[in-house]
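Residue numbers (our numbering), protein chains in the order written: chain A, 80 to 400; chain B, 80 to 400. Take a look at the structure below.
Here it is in structure tokens:
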């Protein structure tokens, strides 16, 4: 039977995208410590493979795009990692084991309250030179230490750090293919701010670009859209939540709808740079849901993760296709 | 009397550079909190204006160059801030008051030993839920808290944070003009990795650059060389130490010599990305001095700051011109 023309075009498009992704991975500098990371990942997934509970992979923070092979300069994406770190805490609270793929130096779960520059501002030495925390911060710091210890000791939190887009995408591939065995129980919560553009490794300057020669002209290529590959190849049954950040509210929802269809996401969370801590819109195939926090004291992620856990439960209840 | 032609050319070059710098500051987005920063700076300098001790301004970490006005993407310079943070500790130990102009999130004095991702890994709760540090880290953490408290309580450390090249250069100008009254007693230790290229604010995209339109072409302008302005206008009598980092050892020393002459530095510290923690070359008008650390346990900055304190004493002993 002949394929109908639009299905043929779609299949061709998919094949092209998969080839682009494979070319990206072939050319990328190899992930350091790959074997050790793969082993701890396999162990983590195996421990949580039984049962019918969800397991979530959360990505967080911005990726960098090196401009030189011996990297002095790079392009970075703004992202404090606040959303990913907060969401990790709430998914853990909801009983999810969490694989936290995060940018080195970005916000960490249970550390979000920390002063920007120096944790030393939080501590004092007592008379017998014991470490003290001022009364004002004492309960926060103690809760943080205790919650963090619990998550680590119970084997519910696996932290995998990245800096560059090359590291990020290799980690995501590794985690997604490894979580594929979980079927519908796997969830991807893709809050990292991933570069849309990059400089292919082989066309990159080897040494620091010199400034004597006047203005600098750069050409950056589009990065392959790995959401598509994640859905098509790596973990087709998983529940996938991606994020769309824009600074211009006029194009935001339209771009979120587009991402939903194009990459086959279950949910796209649309947020605007100006107020991403206060309000987001969850876009799904059945409509839009606005989520806003009820007070400045509450994290928006409380409601967001709550809704997602419910939707994921329904997704798990479906028979695996 | 007519100027000789090379002096005339030099004066013209200087006038052009100063005009470029002024244009940069006119077009830069204004520094947030400028008045509060200026007040704490004026207070700090006034407190240390008497006496004949040196006062040092240390810059540390990399500057970012925003690519969009509502900044999602930016170009960054690699720099952990390790050198600036370590040097701050040793200058404080030598009795110098320190103005520490640092990149937000870069390494901080007395915190360099911290685990990369999470300070929570350092702490435990005891049986009475008191905060404990494992024996292995106890003395390091306690010394850090005590040294940091001492520097702050004695008013010897002023921390001024920046992120973008616009903030960095405005802070440097503010500090340098304010330290000018110290004459020879002022020292600048310019370890920050400052972008050579930038996108002028007014020519910057207002919103996030869209990725749908194929490859991205960017043109970046050369940033004005503020070392020249620092020496010529802001603080002409100060003792100035700048840093030159290259990835290619073949051009490093030659570029350091050039910077020494071109910007009238007292010392240029030449370092290579591959081994900057182990060895540097101090380039001065009277020759080159190689400084290497004696063991992996010692910071290179122990010897480096020691040599600079001696050279600065000689500089202070000169009559102010």
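Where is the CB? At the ideal position from N, CA and C, for every residue including glycine.
Item checked: Amino acids of chain B, ordered along the chain, whose beta-carbon sits closer than 8 Å to that of residue 223 (chain A) -> As a working mapping, residue 223 (chain A) is identified with position 144 in the first chain. The answer, in chain order, is 199.
Margin query: Per the DSSP calculation, residue 137 (chain B) is bridged to which residue(s)?
Written below: By one-based count along the second chain, residue 137 (chain B) stands at place 58. According to DSSP, residue 137 (chain B) bridges with B:179, B:268.
Next item on the list: Compare the C-beta of residue 371 (chain B) with all C-beta atoms of chain A and state if any pair is closer than 8 Å.
Entry: What you label residue 371 (chain B) is simply residue 292 of the second chain in a count that begins at 1. So no, residue 371 (chain B) is outside the interface.
Notebook entry, point to check: Is DSSP giving residue 288 (chain A) helix, strand or coil here?
Noted result: Translated into the one-based positions of the first chain, residue 288 (chain A) becomes position 209. Of the three classes helix, strand and coil, the one that applies to residue 288 (chain A) here is coil, per DSSP.
Notebook entry, point to check: Within 8 Å (strictly less), CB to CB, does residue 196 (chain A) reach chain B?
Noted result: Numbered from 1 along the first chain, position 117 holds the residue referred to as residue 196 (chain A). Any reading at residue 196 (chain A) needs caution, since the residue's pLDDT is 49, under 50, leaving its predicted position unreliable; the model's value is listed next. It does: the Cβ of residue 196 (chain A) has a partner Cβ on chain B nearer than 8 Å.
Check: Assuming residue 386 (chain B) contacts residue 357 (chain B) under a Cβ cut-off of 8 Å, what Cβ separation, rounded to an integer in Å, is found between them?
Finding: Reading the second chain from its first residue, position 307 is the one you call residue 386 (chain B). Reading the second chain from its first residue, position 278 is the one you call residue 357 (chain B). At roughly 16 Å, the Cβ-Cβ gap does not stay under 8 Å, so residue 386 (chain B) and residue 357 (chain B) are not in contact.
Item checked: Coil, strand or helix - residue 316 (chain B) by DSSP -> Counting from 1 along the second chain, the entry for residue 316 (chain B) is found at position 237. In the structure shown, residue 316 (chain B) sits in coil (DSSP, three-state: anything other than H, G, I, E or B).
Margin query: For a cutoff of 8 Å on Cβ pairs, would you count residue 260 (chain A) as touching chain B?
Written below: Your numbering for residue 260 (chain A) matches position 181 in the first chain. Residue 260 (chain A) does not count as touching chain B.
Check: Taking C-beta to C-beta, are residue 121 (chain B) and residue 225 (chain B) nearer than 8 Å?
Finding: If you number the second chain from 1, residue 121 (chain B) lands on position 42. If you number the second chain from 1, residue 225 (chain B) lands on position 146. No, the pair does not count as a contact, with Cβ atoms beyond the cut-off.
Notebook entry, point to check: By a C-beta neighbour count over all protein chains shown, 10 Å radius and 16 as the cutoff for buried, is residue 167 (chain B) buried or exposed?
Noted result: Working through the second chain from its first residue, we reach residue 167 (chain B) at position 88. Counting Cβ neighbours within 10 Å, residue 167 (chain B) comes out buried, since at least 16 surround it.
Check: For the region 311–360 of chain B, which segments carrying the alpha helix (DSSP H) assignment without a break, of at least 4 residues, lie completely within its bounds, in sequence order?
Finding: 328–342
Item checked: Residues near residue 349 (chain B) by beta carbon distance below 7 Å, same chain, minus five either side -> Looking up residue 349 (chain B) in the second chain gives position 270. 323, 331, 332, 335, 359, 360, 362.
Check: The beta strand (DSSP E) with residue 132 (chain B) in it runs from where to where?
Finding: As a working note, residue 132 (chain B) is residue 53 in the second chain. That residue, residue 132 (chain B), is in no beta strand (DSSP E); it is neither H nor E in DSSP.
Margin query: For residue 157 (chain B) and residue 286 (chain A), I'd like the C-alpha separation in whole angstroms.
Written below: Locating residue 157 (chain B) in the second chain gives position 78, counting from the first residue. Locating residue 286 (chain A) in the first chain gives position 207, counting from the first residue. Looking at the two C-alpha atoms, the distance is approximately 13 Å.
Checklist line | C-beta atoms of residue 270 (chain B) and residue 137 (chain B) nearer than 8 Å | finding: Within the second chain, the letter at position 191 stands for residue 270 (chain B). Within the second chain, the letter at position 58 stands for residue 137 (chain B). Yes, Cβ-Cβ distance for residue 270 (chain B) and residue 137 (chain B) is below 8 Å.
Check: Of all the options B:391, B:381, B:135, which has the alpha carbon lying nearest to the alpha carbon of residue 372 (chain B)?
Finding: Working through the second chain from its first residue, we reach residue 372 (chain B) at position 293. The option with the nearest alpha carbon to residue 372 (chain B) is B:381.
Margin query: Quick check: the Cα distance between residue 196 (chain A) and residue 395 (chain A), rounded to an integer number of angstroms?
Written below: Here residue 196 (chain A) refers to the residue found at position 117 of the first chain. Here residue 395 (chain A) refers to the residue found at position 316 of the first chain. Residue placement at residue 196 (chain A) cannot be trusted, given a pLDDT of 49 that sits under 50; the coordinates are not used to answer.
Next item on the list: State yes or no: is the C-beta of residue 176 (chain B) within less than 8 Å of the C-beta of residue 301 (chain A)?
Entry: The sequence position of residue 176 (chain B) within the second chain is 97, counting from 1. The sequence position of residue 301 (chain A) within the first chain is 222, counting from 1. Result no, Cβ atoms of residue 176 (chain B) and residue 301 (chain A) do not sit closer than 8 Å.
Margin query: I'd like to know if residue 294 (chain A) contacts chain B, where contact means its C-beta is closer than 8 Å to some C-beta of that chain.
Written below: Your numbering for residue 294 (chain A) matches position 215 in the first chain. True, the Cβ-Cβ gap to chain B drops below 8 Å.
Notebook entry, point to check: Got a sec: which bits of the region 331–347 of chain A sit with their beta carbon under 7 Å from any beta carbon on chain B, in order along the chain?
Noted result: none
Next item on the list: Would you mind telling me which residues of chain A sit closer than 9 Å to residue 252 (chain B), beta carbon to beta carbon, in chain order?
Entry: Walking along the second chain from the start, residue 252 (chain B) turns up at place 173. What residue 252 (chain B) touches in chain A: nothing, since even the nearest Cβ is about 21 Å away.
Next item on the list: Using the DSSP secondary-structure output, state which residues sit across from residue 210 (chain A) in a beta bridge.
Entry: Locating residue 210 (chain A) in the first chain gives position 131, counting from the first residue. Bridge partners of residue 210 (chain A): A:204.
Check: Could one say the Cβ of residue 156 (chain A) lies closer than 8 Å to chain B's Cβ atoms, at least one of them?
Finding: Residue numbering aside, residue 156 (chain A) sits at position 77 when the first chain is read from its first letter. Yes, its Cβ sits closer than 8 Å to a Cβ of chain B.
Next item on the list: State the beta-bridge partners of residue 297 (chain A) as determined by DSSP.
Entry: Along the first chain, read from residue 1 onward, the residue named residue 297 (chain A) stands at position 218. Looking at the DSSP assignment, residue 297 (chain A) forms a beta bridge with B:297.
Check: Based on Cα-Cα distance, which residue from B:188, B:228, B:255 lies nearest to residue 201 (chain A)?
Finding: Along the first chain, one-based indexing puts residue 201 (chain A) at 122. Of B:188, B:228, B:255, the residue nearest in Cα terms is B:228.
Next item on the list: Starting from the beta carbon of residue 162 (chain A), find every residue of chain B whose beta carbon is closer than 9 Å, and list them in chain order.
Entry: Position 83 of the first chain, counted from the start, is the residue given in the question as residue 162 (chain A). Residues of chain B passing the Cβ test: none, with the nearest at roughly 14 Å.
Next item on the list: Report yes if the CB atom of residue 106 (chain A) is closer than 8 Å to the CB atom of residue 281 (chain A), and no otherwise.
Entry: Counting from 1 along the first chain, the entry for residue 106 (chain A) is found at position 27. Counting from 1 along the first chain, the entry for residue 281 (chain A) is found at position 202. Cβ distance < 8 Å, so residue 106 (chain A) and residue 281 (chain A) count as in contact.
Item checked: residue 142 (chain B) (DSSP reduced to helix, strand or coil) -> Against the second chain, residue 142 (chain B) aligns to sequence position 63. Here residue 142 (chain B) sits in coil by DSSP.
Check: Are the Cβ atoms of residue 203 (chain B) and residue 213 (chain B) separated by less than 8 Å?
Finding: For the purposes of this step, residue 203 (chain B) is taken as residue 124 along the second chain, with counting starting at 1. For the purposes of this step, residue 213 (chain B) is taken as residue 134 along the second chain, with counting starting at 1. A contact, by the Cβ cut-off of 8 Å.
Next item on the list: Note down, in chain order, each residue of its chain lying with its Cβ closer than 7 Å to the Cβ of residue 160 (chain A), except the 5 sequence neighbours on either side.
Entry: The count along the first chain starts at 1 and reaches residue 160 (chain A) at position 81. Once the five neighbours on either side are set aside, the close Cβ partners of residue 160 (chain A) are 139, 140, 181, 182, 185, 186.
Checklist line | Residues that residue 327 (chain B) contacts on chain A, provided the C-beta gap is smaller than 9 Å | finding: Mapped onto the second chain, residue 327 (chain B) falls at position 248. Residues of chain A passing the Cβ test: 149, 285, 286, 287.
Note to self: Tell me the rounded alpha-carbon separation between residue 259 (chain A) and residue 265 (chain A).
What the structure shows: If you number the first chain from 1, residue 259 (chain A) lands on position 180. If you number the first chain from 1, residue 265 (chain A) lands on position 186. Approximately 7 Å between the Cα atoms of the pair.
Note to self: Please classify residue 114 (chain A) as buried or exposed, where buried requires at least 16 neighbouring CB atoms within 10 angstroms.
What the structure shows: To locate residue 114 (chain A), count along the first chain from 1; it is residue 35. Classification of residue 114 (chain A): exposed, given that the 10 Å Cβ count is below 16.
Checklist line | Meets three-Cβ-pair contact criterion under 8 Å: the region 143–154 of chain B and the region 237–244 of chain B | finding: yes
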